[in-house]
Amino acid sequence: MKNYLIVFLISMLPLIELRGAIPYAVGFGLPLVPSYIIAIIGNMLPVPFIYLFARKILIWGKDKPVIGKFFTFCLEKGEKGGKKLQEKAGRGLFIALMLFVGIPLPGTGAWTGTLAASLLDMDFKSSVLAVMLGVLIASVIMGAASAGLFGAAGAIFS
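In terms of the numbering used here, the sequence shown opens at residue 2 and continues consecutively.
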(Lines of atoms letter the chains of each structure in order from A; the text may use other names.)
(Lines give C-alpha, C1' and ligand atoms only; values in the text may rest on other atoms or scores of the structure.)
Protein backbone atom coordinates (compact mmCIF):
# COMPACT_ATOMS: atom_id res chain seq x y z
CA MET A 2 0.00 0.00 0.00
CA LYS A 3 2.86 2.38 0.86
CA ASN A 4 4.47 1.92 -2.57
CA TYR A 5 1.16 2.70 -4.30
CA LEU A 6 0.91 5.92 -2.30
CA ILE A 7 4.44 6.81 -3.39
CA VAL A 8 3.51 6.10 -7.04
CA PHE A 9 0.49 8.39 -6.62
CA LEU A 10 2.52 11.19 -5.05
CA ILE A 11 5.39 10.94 -7.56
CA SER A 12 2.93 11.17 -10.44
CA MET A 13 1.56 14.44 -9.01
CA LEU A 14 4.97 16.18 -8.91
CA PRO A 15 5.69 18.74 -11.61
CA LEU A 16 8.37 17.71 -14.12
CA ILE A 17 8.57 14.16 -12.70
CA GLU A 18 4.92 13.12 -13.01
CA LEU A 19 3.95 9.76 -14.44
CA ARG A 20 7.32 9.60 -16.20
CA GLY A 21 8.93 8.93 -12.83
CA ALA A 22 6.06 7.09 -11.17
CA ILE A 23 5.84 4.21 -13.66
CA PRO A 24 9.57 3.37 -13.57
CA TYR A 25 9.33 3.48 -9.76
CA ALA A 26 6.40 1.03 -9.83
CA VAL A 27 8.20 -1.29 -12.24
CA GLY A 28 11.40 -1.06 -10.20
CA PHE A 29 9.56 -2.11 -7.06
CA GLY A 30 7.77 -4.96 -8.83
CA LEU A 31 4.26 -3.56 -8.34
CA PRO A 32 1.47 -5.06 -10.46
CA LEU A 33 1.18 -3.24 -13.78
CA VAL A 34 -2.54 -2.39 -14.06
CA PRO A 35 -3.09 -0.91 -10.58
CA SER A 36 0.19 1.01 -10.86
CA TYR A 37 -0.87 2.52 -14.20
CA ILE A 38 -4.29 3.48 -12.90
CA ILE A 39 -2.85 5.09 -9.77
CA ALA A 40 -0.14 6.93 -11.74
CA ILE A 41 -2.65 8.23 -14.31
CA ILE A 42 -5.06 9.43 -11.62
CA GLY A 43 -2.22 11.09 -9.74
CA ASN A 44 -0.92 12.75 -12.89
CA MET A 45 -4.37 14.02 -13.90
CA LEU A 46 -5.56 15.19 -10.47
CA PRO A 47 -3.73 18.54 -10.58
CA VAL A 48 -4.72 19.31 -14.20
CA PRO A 49 -8.04 21.13 -13.59
CA PHE A 50 -6.47 23.19 -10.79
CA ILE A 51 -3.48 24.08 -12.97
CA TYR A 52 -5.77 25.16 -15.80
CA LEU A 53 -8.07 27.23 -13.60
CA PHE A 54 -5.62 28.79 -11.14
CA ALA A 55 -1.95 28.48 -12.16
CA ARG A 56 -1.81 31.45 -14.50
CA LYS A 57 -3.51 33.72 -11.96
CA ILE A 58 -1.21 32.60 -9.14
CA LEU A 59 1.94 32.88 -11.27
CA ILE A 60 1.03 36.38 -12.48
CA TRP A 61 0.26 37.41 -8.91
CA GLY A 62 3.57 36.06 -7.59
CA LYS A 63 5.99 37.01 -10.35
CA ASP A 64 6.98 40.26 -8.67
CA LYS A 65 7.11 38.94 -5.09
CA PRO A 66 10.50 38.90 -3.32
CA VAL A 67 11.14 35.21 -2.56
CA ILE A 68 8.99 33.45 -5.16
CA GLY A 69 9.19 35.95 -8.01
CA LYS A 70 12.06 34.37 -9.96
CA PHE A 71 10.54 30.88 -9.81
CA PHE A 72 7.06 32.13 -10.75
CA THR A 73 8.51 34.14 -13.65
CA PHE A 74 10.41 31.02 -14.79
CA CYS A 75 7.18 29.00 -14.73
CA LEU A 76 5.28 31.65 -16.68
CA GLU A 77 8.02 31.94 -19.27
CA LYS A 78 8.26 28.14 -19.62
CA GLY A 79 4.49 27.86 -20.09
CA GLU A 80 4.39 30.75 -22.56
CA LYS A 81 7.36 29.36 -24.50
CA GLY A 82 5.79 25.90 -24.64
CA GLY A 83 2.45 27.39 -25.65
CA LYS A 84 3.93 29.50 -28.44
CA LYS A 85 5.93 26.57 -29.74
CA LEU A 86 2.81 24.40 -29.73
CA GLN A 87 0.76 27.04 -31.51
CA GLU A 88 3.43 27.65 -34.17
CA LYS A 89 3.70 23.97 -34.99
CA ALA A 90 0.03 23.15 -34.66
CA GLY A 91 -1.90 25.92 -36.31
CA ARG A 92 -5.47 24.63 -36.19
CA GLY A 93 -4.38 21.23 -34.88
CA LEU A 94 -3.72 22.55 -31.39
CA PHE A 95 -5.63 19.70 -29.70
CA ILE A 96 -3.45 17.05 -31.39
CA ALA A 97 -0.29 19.08 -30.76
CA LEU A 98 -1.11 19.40 -27.05
CA MET A 99 -1.87 15.68 -26.82
CA LEU A 100 1.47 14.79 -28.45
CA PHE A 101 3.35 17.42 -26.41
CA VAL A 102 2.14 15.78 -23.21
CA GLY A 103 2.34 12.24 -24.61
CA ILE A 104 5.95 12.20 -25.73
CA PRO A 105 7.90 11.77 -22.49
CA LEU A 106 10.64 14.36 -22.81
CA PRO A 107 11.81 16.61 -19.96
CA GLY A 108 9.38 19.48 -19.42
CA THR A 109 6.61 18.18 -21.67
CA GLY A 110 4.21 16.65 -19.17
CA ALA A 111 0.71 17.39 -17.97
CA TRP A 112 1.77 20.34 -15.81
CA THR A 113 3.54 22.22 -18.62
CA GLY A 114 0.95 21.21 -21.22
CA THR A 115 -1.95 22.36 -19.06
CA LEU A 116 -0.24 25.65 -18.23
CA ALA A 117 0.47 26.18 -21.94
CA ALA A 118 -3.18 25.44 -22.79
CA SER A 119 -4.29 27.91 -20.15
CA LEU A 120 -1.92 30.60 -21.45
CA LEU A 121 -3.17 29.94 -25.00
CA ASP A 122 -6.78 30.27 -23.79
CA MET A 123 -7.76 26.83 -25.07
CA ASP A 124 -11.15 25.82 -23.75
CA PHE A 125 -11.16 23.79 -20.54
CA LYS A 126 -12.80 20.63 -21.88
CA SER A 127 -10.50 20.31 -24.92
CA SER A 128 -7.43 21.03 -22.80
CA VAL A 129 -8.23 18.41 -20.19
CA LEU A 130 -9.11 15.81 -22.84
CA ALA A 131 -5.91 16.45 -24.83
CA VAL A 132 -3.81 16.26 -21.66
CA MET A 133 -5.57 13.06 -20.57
CA LEU A 134 -4.91 11.39 -23.92
CA GLY A 135 -1.30 12.58 -23.75
CA VAL A 136 -0.91 11.13 -20.26
CA LEU A 137 -2.26 7.80 -21.53
CA ILE A 138 0.24 7.82 -24.41
CA ALA A 139 3.09 8.69 -22.04
CA SER A 140 2.05 5.88 -19.70
CA VAL A 141 2.30 3.31 -22.49
CA ILE A 142 5.68 4.64 -23.62
CA MET A 143 7.07 4.76 -20.09
CA GLY A 144 5.70 1.31 -19.30
CA ALA A 145 7.38 -0.12 -22.38
CA ALA A 146 10.64 1.69 -21.63
CA SER A 147 10.57 0.59 -17.99
CA ALA A 148 9.95 -3.00 -19.00
CA GLY A 149 13.02 -2.86 -21.25
CA LEU A 150 11.12 -3.34 -24.49
CA PHE A 151 13.06 -0.65 -26.33
CA GLY A 152 16.40 -2.11 -25.25
CA ALA A 153 15.27 -5.60 -26.25
CA ALA A 154 14.06 -4.36 -29.65
CA GLY A 155 17.39 -2.59 -30.19
CA ALA A 156 19.29 -5.78 -29.40
CA ILE A 157 17.13 -7.80 -31.79
CA PHE A 158 17.33 -5.40 -34.71
CA SER A 159 20.98 -4.38 -34.44
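Built from N, CA and C at the ideal position, the CB exists for glycine as well.
Keep in mind the model is a prediction, meaning the values are calculated, not measured.
C-alpha distance - residue i paired with residue j, whole-angstrom precision
i, j, result
"Ile7", "Ala145", "20 Å"
"Leu121", "Gly28", "37 Å"
"Asn44", "Leu53", "16 Å"
"Cys75", "Met2", "33 Å"
"Phe95", "Leu137", "15 Å"
"Glu88", "Leu98", "12 Å"
"Lys126", "Phe72", "26 Å"
"Ser147", "Pro107", "16 Å"
"Lys81", "Ala55", "15 Å"
Cβ neighbours of residue i in the same chain (closer than 8 Å, five flanking residues each side left out)
i, result
"Leu31", "Asn4, Tyr5 and Val8"
Residue i classed as buried or exposed, judged by whether at least 16 other C-beta atoms fall within 10 angstroms
i, result
"Pro66", "exposed"
"Leu10", "exposed"
"Glu18", "buried"
"Leu33", "exposed"
Cβ distance (whole Å) where residue i is taken to contact residue j below 8 Å
i, j, result
"Pro15", "Trp112", "4 Å"
Residues near residue i by beta carbon distance below 6 Å, same chain, minus five either side
i, result
"Met143", "Arg20, Ile23 and Pro105"
"Leu59", "Phe72, Cys75 and Leu76"
Own chain, CB closer than 7 Å to residue i, minus 5 neighbours either side, in chain order
i, result
"Gly83", "Ala117, Leu120 and Leu121"
"Val48", "Ala111, Thr115, Val129 and Val132"
(request) Any chance you could list the beta strand (DSSP E) runs of at least 3 consecutive residues sitting entirely within the segment 50-82, in chain order? (result) As for any beta strand (DSSP E) of minimum length 3 sitting wholly inside the segment 50-82, there is none.
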